[in-house]
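Numbering-wise, full-length UniProt numbering puts 99 at position 99 of the sequence shown, and it's gapless, one number per residue.
Note sheet for the following structure.
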Amino acid sequence: MIIDFIADYYKNVEKYPVRSQVEPGYLSKRLPESASNNPEPIEKILQDVQEHIVPGITHWQSPNYFAYFPSSGSIVGILGEMLSTCFNVVGFNWMSSPAATELESIVMDWLGEMLTLPKPFLFSGNGGGVLQGTTCEAILCTLVAARDQVLRIIGRENITKLVVYGSDQTHSAIQKAAQIAGINPNNFRAIRTTKSSLFGLTPDSPLSTIKSDVEAGLIPFFLCATIGTTSTTAVDPLGPLCKIAKKHSIWVHVDAAYAGSACICPEFRHFLDGVEDADSFSLNAHKWFFTTLDCCCLWVKDPSALIKSLSTYPEYLRNKASESKLVVDYKDWQITLSRRFRSMKLWLVLRSYGVTNLRMFLRSHVKMAKTFEELVASDKRFEIVVPRNFALVCFRAVPSVLSAEQANELNRELLESINASGKVYMTHALVAGIYMIRFAAGGTLTEERHVREAWKLVQQHLEAILCVSF
Ligand SMILES: Cc1ncc(COP(=O)(O)O)c(C=O)c1O
């Protein structure tokens with residue numbers, strides 16, 4: 001029944017309002033106040049899912065979903081998840097399920113090779129990869145490893161001197177990680193980016209900040225460079241940033257949460273040039289790689305740095321395999337002890353698509369974004385705010401009579417009006433004072449017709465707003 005329900009859901013997903021239209025608190029009005037004492041039949045439960053849960057779902061798998069970044073599941077991703085749940089192993093160390101650990105190491109080397117990551121990031125080159133839940137976790141783990149590496153040298157009491165660097169476009173994951181890791185909140189540097197550098201860092205933009213921190217007796221220790229920022233998919237120049245970092249013994253983490261997947265295509269791989277001098281690299285396979293949430297792929301050059309910070313070895317986990325040092329115990333590469341069999345779904349995705357088809361689908365999303373971009377560019381009432389790098393188009397309406405603030409207000413109103421229609425879902429960014437609408441292609445079910453329809457809808461809503469307001 002549940003498989004049928006899922007199949008029907010996907011058949012009908014296009015018909016639902018993409019962004020849920022419910023009001024806060026809607027569900028408690030519909031469900032009983034406490035759990036039932038007696039078992040209830042699955043038919044009734046499924047009926048409630050349809051009647052009460054589905055209206056409160058924002059349909060990330062809808063072909064008309066263009067918000068945030070995609071959550072590009074796939075049939076094989078779901079089936080992989082089912083297999084993983086079927087075994088339901090808790091693979092904290094090798095012994096607790098050797099296949100879960102070994103498959104993870106194998107797929108991480110496979111995917112690393114697809115990305116042509118330098119050998120030192122792979123197990124075959126004495127580095128290695130691990131599947132975490134999300135990028136927030138991956139960044140926290142690497143930041144803690146980098147912190148402890150420095151503190152072992154300068155003494156724990158000097159933690160207040162440590163400084164973290166990113167740009168004003170770096171994801172808030174880094175700020176959260178710094179907060180959790182006990183870094184002085186005043187020592188988080190969000191280096192300013194500008195429209196002229198397309199909201200990426202410039203090759204030497206962190207230099208003066210690092211120098212003045214050093215002069216002030218502080219200790220730079222962690223820099224997060226982003227390939228594909230959340231707001232506009234800006235790209236930081238890895239090569240020059242890593243060179244600066246190296247001079248100051250700063251750990252560089254490369255956050256390619258969204259855009260990393262595209263780099264399996266040779267024409268996008270240049271965005272990773274310079275990664276050879278970074279210390280860690282991560283991407284979310286659950287964003288744009290057909291693998292259901294959660295599946296963040298993290299590679300590190302020096303797993304021992306992670307292990308020194310994250311390992312514990314209580315008596316109840318002691319076993320011969322761990323003591324032999326011949327195995328990976330992934331509990332020591334992450335925050336939690338218990339861990340899911342995530343490699344199963346990634347393995348199914350890699351095998352069942354094959355590299356050729358994965359590239360083909362990614363390219364088809366980029367092509368759809370390009371189509372949308374061309375449609376925007378052909379209408380004089382709109383502009384593309386920043387050039388497109390991947391499958392995200394940042395655009396806005398710019399009727400010439402408006403001030404900057406009025407233009408922002410108009411685009412806010414336009415986006416709300418589009419989303420309230422339930423026909424598509426897009427989100428916004430506010431960068432350098434410019435409010436823009438983000439159109440992120442990449443839904444697994446999205447076809448060119450959805451893109452063209454979405455554009456027509458944007459035009460219609462703009463016309464309706466201009467008609468009423470002006
Ligand atoms: C560039 C970037 N980094 C990090 C994240 C956070 O990812 P997660 O939710 O997996 O922690 C996102 C989310 O969109 C992102 O775009």
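The beta carbon of each residue, even a glycine, is placed where N, CA and C say it ideally should be.
Please read these numbers as outputs of a predicted model, since none were measured by experiment.
Closer than 6 Å: residue i CB and nearest ligand 1 heavy atom
{"i": "asparagine 284", "result": "yes"}
{"i": "threonine 58", "result": "no"}
{"i": "tyrosine 258", "result": "yes"}
{"i": "aspartate 168", "result": "no"}
{"i": "phenylalanine 281", "result": "no"}
{"i": "alanine 173", "result": "yes"}
{"i": "cysteine 136", "result": "yes"}
{"i": "aspartate 8", "result": "no"}
{"i": "aspartate 204", "result": "no"}
{"i": "glycine 268", "result": "Residue identity differs from the one stated: residue 268 is phenylalanine in this sequence, not glycine. No, ligand 1 has no heavy atom inside 6 Å of this Cβ."}
{"i": "threonine 233", "result": "no"}
{"i": "aspartate 255", "result": "yes"}
{"i": "phenylalanine 69", "result": "yes"}
{"i": "threonine 101", "result": "no"}
{"i": "threonine 292", "result": "no"}
{"i": "threonine 230", "result": "yes"}
Which residues DSSP lists as bridging residue i, in chain order
{"i": "isoleucine 189", "result": "The sequence given here has arginine at residue 189, not isoleucine. DSSP output for arginine 189 lists Tyr165 as bridge partner(s)."}
{"i": "methionine 436", "result": "Ala429"}
{"i": "asparagine 284", "result": "Cys296"}
{"i": "alanine 178", "result": "In the DSSP output, where bridge partners are listed per residue, alanine 178 has none listed."}
{"i": "valine 235", "result": "Ile227"}
{"i": "valine 252", "result": "Leu223"}
{"i": "tyrosine 65", "result": "Tyr425"}
Please determine if the segment 275 to 287 and the segment 297 to 313 are in contact, where contact requires at least 3 C-beta pairs separated by less than 8 Å. Two segments are said to touch when three or more pairs of C-beta atoms, one from each, lie closer than 8 Å; by this definition the segment 275 to 287 touches the segment 297 to 313.
The segment 216 to 227 / the segment 151 to 166 touching (three or more Cβ pairs under 8 Å): yes
Which parts of the segment 297 to 349 are runs of the alpha helix (DSSP H), unbroken and 4 residues or longer, counting only runs that do not cross its ends? 303 to 310 and 320 to 324
Only counting runs of 4 or more residues, tell me where the alpha helix (DSSP H) segments fall wholly within the segment 105 to 160, in order along the chain. 135 to 154
Considering only residues of the segment 345 to 429, which uninterrupted alpha helix (DSSP H) runs meet the minimum length of 4 residues and lie entirely inside it, listed in chain order? 404 to 420
For the structure I just gave you, are there three or more beta carbon pairs, one from the segment 8 to 28 and one from the segment 429 to 436, closer than 8 Å? no
Please determine if the segment 381 to 393 and the segment 320 to 333 are in contact, where contact requires at least 3 C-beta pairs separated by less than 8 Å. Result no; under three Cβ-Cβ pairs closer than 8 Å.
May I ask you to verify whether the segment 232 to 248 touches the segment 77 to 90, counting CB pairs closer than 8 Å and requiring at least 3? With a cut-off of 8 Å, the segment 77 to 90 and the segment 232 to 248 do not count as touching, because too few Cβ pairs lie within range.
Taking 8 Å as the threshold, find out whether the segment 328 to 344 comes into contact with the segment 230 to 239 through three or more Cβ pairs. Under the Cβ criterion (8 Å, minimum of three pairs), the segment 328 to 344 does not count as touching the segment 230 to 239.
The segment 363 to 377 touching the segment 441 to 449, judged by at least three CB pairs closer than 8 Å: yes
Meets three-Cβ-pair contact criterion under 8 Å: the segment 353 to 361 and the segment 123 to 141: no
At least 3 beta-carbon pairs within less than 8 Å: the segment 205 to 224 vs the segment 98 to 117: no
Under 8 Å, with one C-beta from each stretch per pair, do the segment 114 to 124 and the segment 180 to 199 reach the 3-pair mark? These segments do not touch.
Does the contact criterion of 3 or more C-beta pairs under 8 Å hold for the segment 301 to 309 versus the segment 143 to 151? yes
Unbroken stretches of the alpha helix (DSSP H), 4 residues or longer, contained in the segment 1 to 30: Within the segment 1 to 30, the complete alpha helix (DSSP H) segments of 4 residues or longer fall at 2 to 12, listed in chain order.
Assess, as a yes-or-no matter, whether the segment 336 to 351 is touched by the segment 89 to 109 under the definition of 3 or more beta carbon pairs within less than 8 Å. yes
Pairs of beta-carbons, one from the segment 34 to 48 and one from the segment 69 to 87, closer than 8 Å: are there three or more? no
Just checking, does the segment 12 to 22 make contact with the segment 45 to 63 on the three C-beta pairs under 8 Å criterion? yes
Spell out a yes or no on whether the segment 445 to 461 and the segment 409 to 419 are touching, meaning 3 or more CB-CB pairs, one atom from each, closer than 8 Å. yes
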